[in-house]
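Here the structure comes first, spelled out in structure tokens, and everything after it is commentary.
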Amino acid sequence: MTAPDHMLSELLIVACSEVFRNNGEIVATGIGPIPRVAAGLAKTTHSPELLMTDGEAYLVEEPVPIGPRGYDDRKPSGYLPFSRYFDSAVWTGRRHALVSPIQIDRFGQMNLSYVGGTFDKPKVQMLGARGFPGNTIHHINSMFVPAHSTRIFVPGEVQSVSSVGYNPARRLKGADFSGVDLRFIVTDLCVMDFGGPDHAIRLVSLHDGVTLDQVREATGFDLLVDGTPPVTPAPTEEQLAIIARLDPHNIRATVLKGNPPGKRS
Amino acid sequence: MTTLDKRTTAEAVVGRLRDGMTIGIGGWGPRRKPMALVRALLRSDVKDLTVVAYGGPEVGMLLAAGKVRKLIYGFVSLDAIPLEPYFRKAREAGGLEVLELDEGMLQWGLKAAALRLPFLPTRVGLGTDVFDQGGFRTVTSPYDDGEVLLAMPAVPLDLALIHVHRADRMGNIQALGPDTYYDEWFAKAAKEVVVSAEEVVDRLDLSHPEDARANIVERCFVQHVVEARHGAHPTSMPPAYGWDMPALKAYVASAGEADGWARYRTDMIGPDEAHYLAQAGGDAIAELPLPIF
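Just so you know, the sequences run in chain order C and Y. Residues 1 to 265, numbered by our numbering, are exactly what the first sequence covers, in order. Residues 1 to 293, numbered by our numbering, are exactly what the second sequence covers, in order.
Written as structure tokens, this is what we have:
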């Protein structure tokens, strides 16, 4: 069956929704429009057991659409305010966050803090470590990268290690890193996971029309490839309809430069 | 009969402050910040503060005004505007003493202080640059597991500032919004707590008993009560009013001007809160729509 016409943003939402499959009853958090719609799509389709908030303090069973809507449109099924977030979701390991750092290295370490200069005098101060240290040592994490390039997938280590990855040199002796669980990296070119030896980053699939060379050139470290990578599945009609419902103002069209189509051949 | 009366003014409270104090500020980013109290601070001579916050515009303003010697933060952000401009300026200029914490670590440090412990153990921060940047130390579990953990030091506060919907003269408070953030722990970590409230009544038990569950901290933790209608502006105060995005954008824009802060300080903050509220739209603040997340 031929996939219906779709935009790349919609293909990425479907690919991102897959990261939440078979996670069990955990809180699915997608930061940013594409990850957030993806979490909603996952809950609406293959993983209804996921917990999800309205973006504020309440748990909802029907994912709330992103963008302008009535303030009280949500129907809360539970309550998860910030004052319970670390106690109930993060430090108990009952969460999977899909996040977009500013740098990622071959160990899966992420930088969200600053670029250039030093910690005492950053050239460009970004968000800071925020919740990354706690998230990555306690629960599942995946990454969404809207513009795959060597600026994000850096050679060597990220400038500031905001999150725990699989770098053996940073494994403090006697500490417990068993909670570290990095799953997938979804980019505008491909899907990767940490399935190589010692959790090396490995190519899972290429998006329609993307070549392996393109991905290698845009990645600052060696990427493991097993055989011929498959093509990332395109959205179905049903998925497109749900995406349109979860993003009624088409905010997804603004995420990727030029809003390219899903088929780029 | 003498009864508890903790009512005072922002000016009176600020007048008692000393340089070098450690001040915790409740709320979260641009949400339910005690801005009227912060503005009173900005109008005062107090300086060399250590500021502790899940920071929003109050942190940028205190930095811009040169009030801050050290900043302890889980983050500093305006949420819908992710990067706080005056915080960025201060960081990029160098020389600002900071303790950058994971959001959960700050909660843990406040809880340690509240429980009167020197530290609480956690895995958070291990394996990241936050560990070295913060000068943290480890502790080894004395039990058979022998696990090595980060010892998150207590973050004790001289003073905590909190803004709520209602308070009474005795220091009972009610915060009605969907989220109370970490205000409870800021209050318990502090030697003294100043609460500003949209409305101050004589006795909440007599006038609003149905909202007793919105009492986020017991009155023994509240020493000063200040009435400050629209006191969270330009941050959000659900369900009363939302954040003022045009006002926040104007504040952000000021950071791009040569004398932007001086202008904002003179034109907006001004000599007193009546001036600020007049500039900010007065009772139109009550109509600000709640943000949609």
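Note that beta-carbon positions come from the ideal geometry of N, C-alpha and C, so glycine has one too.
Check: Backbone CA spacing between residue 228 of chain Y and residue 289 of chain Y [nearest angstrom]; Outcome: 20 Å
Check: Cβ-based burial, residue 217 of chain C [other Cβ within 10 Å; buried from 16]; Outcome: exposed
Check: Within the segment 96-132 of chain Y, ranges of the beta strand (DSSP E) (whole runs, at least 3 residues); Outcome: 97-100, 119-122
Check: Per-residue DSSP class, three states only, for residue 86 of chain C; Outcome: helix
Check: Within 8 Å, strictly: CB atoms of residue 136 of chain Y and residue 128 of chain C; Outcome: no
Check: Proximity test, Cβ basis, 8 Å: residue 349 of chain Y and chain C; Outcome: The requested residue 349 of chain Y is not part of the displayed model; chain Y covers only 1 to 293.
Check: Endpoints, the alpha helix (DSSP H) within which residue 9 of chain C is located; Outcome: 8-18
Check: is_contact[residue 177 of chain C, chain Y] using C-beta, thresh 8 Å; Outcome: yes
Check: Contiguous beta strand (DSSP E) assignments of at least 3 residues, all confined to the segment 15-89 of chain Y; Outcome: 22-25, 49-55, 68-76
Check: Nearest candidate by alpha-carbon position, reference residue 282 of chain Y, set Y/258, Y/241, Y/250; Outcome: Y/241
Check: Cβ-based neighbour list, residue 247 of chain Y, same chain, cut-off 6 Å, excluding 5 preceding and 5 following; Outcome: 234
Check: Nearest neighbour of residue 231 of chain C, chosen from C/214, C/243, C/209 [CA to CA]; Outcome: C/209
Check: Residues of its chain near residue 36 of chain C, where Cβ-Cβ distance is below 7 Å and the 5 sequence neighbours each way are ignored; Outcome: 30, 66
Check: For residue 1 of chain Y, the three-state DSSP class (helix, strand or coil); Outcome: Reliability of the predicted coordinates at residue 1 of chain Y is poor, the pLDDT of 46 falling under 50, and no value is obtained from them.
Check: Proximal residues of chain Y, C-beta to C-beta of residue 240 of chain C below 8 Å; Outcome: Within 8 Å Cβ-Cβ: nothing; residue 240 of chain C doesn't reach chain Y, min ~24 Å.
Check: Cβ pair count under 8 Å reaching 3, the segment 111-123 of chain Y against the segment 92-100 of chain Y; Outcome: no
Check: Neighbourhood of residue 4 of chain Y by C-beta distance below 6 Å, restricted to the same chain and skipping five residues each side; Outcome: 170
Check: Reduced DSSP category for residue 252 of chain C - H, G, I as helix; E, B as strand; rest coil; Outcome: helix
Check: Euclidean distance between Cα positions of residue 156 of chain Y and residue 263 of chain C; Outcome: 57 Å
Check: Cβ contact check for the segment 167-186 of chain C and the segment 154-168 of chain Y: 3 or more pairs under 8 Å; Outcome: no
Check: C-alpha distance - residue 274 of chain Y paired with residue 120 of chain C, whole-angstrom precision; Outcome: 39 Å
Check: Beta-carbon contacts of residue 1 of chain Y that lie in its chain and below 6 Å, excluding the five residues immediately before and after; Outcome: Low per-residue confidence applies at residue 1 of chain Y: pLDDT is 46, beneath 50, and the placement is therefore not dependable enough to give any value.
Check: Within the segment 43-112 of chain C, ranges of the alpha helix (DSSP H) (whole runs, at least 4 residues); Outcome: 82-85
Check: Interface flag, residue 102 of chain Y vs chain C, CB-CB below 8 Å; Outcome: yes
Check: Residues of the segment 58-87 of chain C whose Cβ lies closer than 7 Å to any Cβ of chain Y, in chain order; Outcome: 58, 68, 69, 71, 81, 82, 83, 86
Check: Distance between residue 99 of chain Y and residue 160 of chain C (C-alpha atoms, nearest Å); Outcome: 15 Å
Check: Chain-ordered chain C contacts of residue 107 of chain Y [CB-CB under 8 Å]; Outcome: 86
Check: At least 3 beta-carbon pairs within less than 8 Å: the segment 90-108 of chain C vs the segment 150-170 of chain C; Outcome: yes
Check: Helix, strand or coil at residue 125 of chain C [DSSP, three-state]; Outcome: strand
Check: Three CB pairs or more closer than 8 Å across the segment 50-66 of chain Y and the segment 23-30 of chain Y; Outcome: yes
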